[in-house]
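K.L.:
Quick one: the structure is below, questions incoming.
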Amino acid sequence: MSQAQPTVGIVSLGCPKATVDSERILTQLKSEGYQLTNSYEDADTVIVNT
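Per this note's numbering, the sequence shown runs over residues -4 to 45.
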């Protein structure tokens, strides 16, 4: 039986550099098996990048 992928929501606030950083974080998390979700309430992890 396979395990469900962990989910992550990410909020990027502030300057455009924060958006770039968030994209890099998300790329790394995806490579480690995380799936992006738009529902922060259902996410296993929520990252707020400022």
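Idealized CB from N, CA, C, for every residue including glycine.
#1: With a threshold of 7 Å on Cβ separation, who are the neighbours of Gly9 within its own chain once the five nearest residues in sequence on each side are excluded?
#2: I'd like the span of the alpha helix (DSSP H) that includes Ser26, first residue to last.
#3: So Ser7 packs on Ser17, CB below 8 Å; how close in whole Å?
#4: Are there 16 or more other CB atoms within 10 angstroms of the CB of Val3, so buried, or fewer, so exposed?
#5: Measuring alpha carbon to alpha carbon, tell me which residue in Glu36, Ala38, Gln30 is nearest Gln47.
P.N.:
Let me spell this out:
#1: Locating residue 9 in the sequence shown gives position 14, where the first residue counts as 1. Answer for Gly9: Thr45, listed in chain order.
#2: Stepping through the sequence shown from its first residue, residue 26 is reached at position 31. Element bounds for Ser26: 11 to 26.
#3: The count along the sequence shown starts at 1 and reaches residue 7 at position 12. The count along the sequence shown starts at 1 and reaches residue 17 at position 22. Sure, about 4 Å apart at Cβ, within 8 Å.
#4: The residue given as residue 3 occupies position 8 in the sequence shown. Flag for Val3 reads buried.
#5: Since the first residue shown for the chain is -4 and the last is 45, residue 47 is missing from the structure and cannot be characterised.
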